[in-house]
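Participant: Handing you this structure, nothing more for now.
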Amino acid sequence: MVKAKQFKPILLMIAGIHLFNCSGINYKKMSIDDPGSLLAIQDSLILNNKNNQNIMDALTAANNNMGKNYLIKGELSLAIDHFKKAASLNSENKFSKYSLLIAEGQLLIKKGNKNGIWDAIEKFSKASNFFPNNGEPFYWMAISYTKLGDTEFDLILESYEKSLSLELSENIKSEVEKKYEKAKMRKQKLDSFWK
């Protein structure tokens, strides 16, 4: 009987640990607070839980969060890798698709190849369809047109105006306003030169 009493707490502890492991870890919270740690165990989670939608959603969010962080830092290739992984985990996730197009477009601009810049404009145009009220894709289109040459003022100004007419985060809005004013001044200078 003594052995059974000693065995019972051990069973309760094992059951508690199992219960904690099954429901105690909040993967969704982890995907926001510590996405890197969640992604460190991503392969084993996918292997053992590929039919668990909550875990797949958490991994999608973690990849999106890591991608967003890399995008902000300008580490475009790493951002692209995470957005691709997120899109592969959840093909319906609009944020993954949108962000992938934005990151790929920015990488094409960075490379500076003229045909690549046209491809970037196409990517930004596609991205604008995911969140029609978001002005960021039009900002990147304006940047792209500027990279193609400072003489495409109609396209540059139109893109900046469209961007400003839509929703923008404060830091991007400030940048758009500055670049828009600069482009208007360059157009006025060019127009007055040819008069």
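Residue numbers (our numbering): -17 to 177.
Backbone N, C-alpha and C fix where the C-beta goes; we use that ideal spot for every residue, glycine too.
1. If you scan the region 32 to 68 from start to end, which runs of the beta strand (DSSP E) of 3 or more residues do you find wholly inside it?
2. Using a Cβ-Cβ cutoff of less than 8 Å, which residues in the same chain neighbour Lys50 once the five nearest sequence positions on both sides are dropped?
3. Between Leu89 and the rest of its own chain, which residues show a CB-CB distance below 6 Å, the 5 nearest in sequence each way excluded?
4. Taking DSSP as the reference, what is the three-state secondary structure of Asn8?
5. Pull the bridge partners of Glu149 from the DSSP assignment, please.
6. State the Cα-Cα distance for the pair Glu74 and Phe175, rounded to the nearest angstrom.
7. Note down the Cα distance separating Asp39 from Phe135, rounded to an integer number of angstroms.
8. Inspect the beta-carbon positions of Ile84 and Ala109 and report whether they are closer than 8 Å.
9. Can you give the beta carbon distance from Asn31 to Ile37, rounded, assuming they're within the 8 Å contact cut?
10. Within its chain, find whatever has a CB closer than 7 Å to the CB of Asn3; leave out the 5 residues flanking it on each side and keep chain order.
11. Report the three-state DSSP secondary structure of Ser73 (helix, strand or coil).
12. If contacts are defined as beta-carbon pairs under 8 Å, then Leu137 and Tyr127 qualify, I think. What distance do you get, rounded to the angstrom?
13. For Leu20, which residues of its own chain have a beta-carbon under 6 Å away from its beta-carbon, when the five flanking residues on both sides are left out?
14. With burial defined as no fewer than 16 other Cβ atoms inside 10 Å of the residue's Cβ, what is the status of Ser141: buried or exposed?
15. Would you mind giving the Cβ-Cβ distance between Phe106 and Gly87, rounded to the nearest angstrom? I have them listed as a contact below 8 Å.
Facilitator: Considering the structure as presented:
1. none
2. One-based indexing of the sequence shown puts residue 50 at position 68. If we look at Lys50 and ignore the five residues flanking it on each side, its Cβ neighbours are Ala61, Ser81.
3. The sequence position of residue 89 within the sequence shown is 107, counting from 1. Counting only Cβ-Cβ distances below 6 Å, and skipping sequence neighbours, we find Leu58.
4. Counted from its first residue, the sequence shown places residue 8 at position 26. Note: Asn8 maps to coil in three-state DSSP.
5. Here residue 149 is taken as the residue at index 167 of the sequence shown, counted from 1. Answer is Asn116, bridged to Glu149.
6. In the sequence shown, the residue the question calls residue 74 occupies position 92. In the sequence shown, the residue the question calls residue 175 occupies position 193. If I take the Cα positions, the gap works out to 51 Å.
7. To locate residue 39, count along the sequence shown from 1; it is residue 57. To locate residue 135, count along the sequence shown from 1; it is residue 153. The alpha-carbon atoms of Asp39 and Phe135 are separated by roughly 43 Å.
8. The count along the sequence shown starts at 1 and reaches residue 84 at position 102. The count along the sequence shown starts at 1 and reaches residue 109 at position 127. Cβ distance < 8 Å, so Ile84 and Ala109 count as in contact.
9. Within the sequence shown, numbered from 1, the residue matching residue 31 stands at position 49. Within the sequence shown, numbered from 1, the residue matching residue 37 stands at position 55. Confirmed, about 4 Å.
10. Stepping through the sequence shown from its first residue, residue 3 is reached at position 21. Only weak support is given to the placement of Asn3: the predicted model assigns it a pLDDT of 49, under 50, and the question is left unresolved by the model.
11. Here residue 73 refers to the residue found at position 91 of the sequence shown. In the structure shown, Ser73 sits in coil (DSSP, three-state: anything other than H, G, I, E or B).
12. Taking the first residue of the sequence shown as 1, we reach residue 137 at position 155. Taking the first residue of the sequence shown as 1, we reach residue 127 at position 145. With a Cβ gap of about 5 Å, Leu137 and Tyr127 count as contacting.
13. Working through the sequence shown from its first residue, we reach residue 20 at position 38. Cβ within range, chain order: Met12, Ser13, Ala44.
14. As a working mapping, residue 141 is identified with position 159 in the sequence shown. Buried: at least 16 other Cβ atoms inside 10 Å.
15. Your numbering for residue 106 matches position 124 in the sequence shown. Your numbering for residue 87 matches position 105 in the sequence shown. The pair is a contact, with the Cβ atoms about 5 Å apart (cut-off 8 Å).
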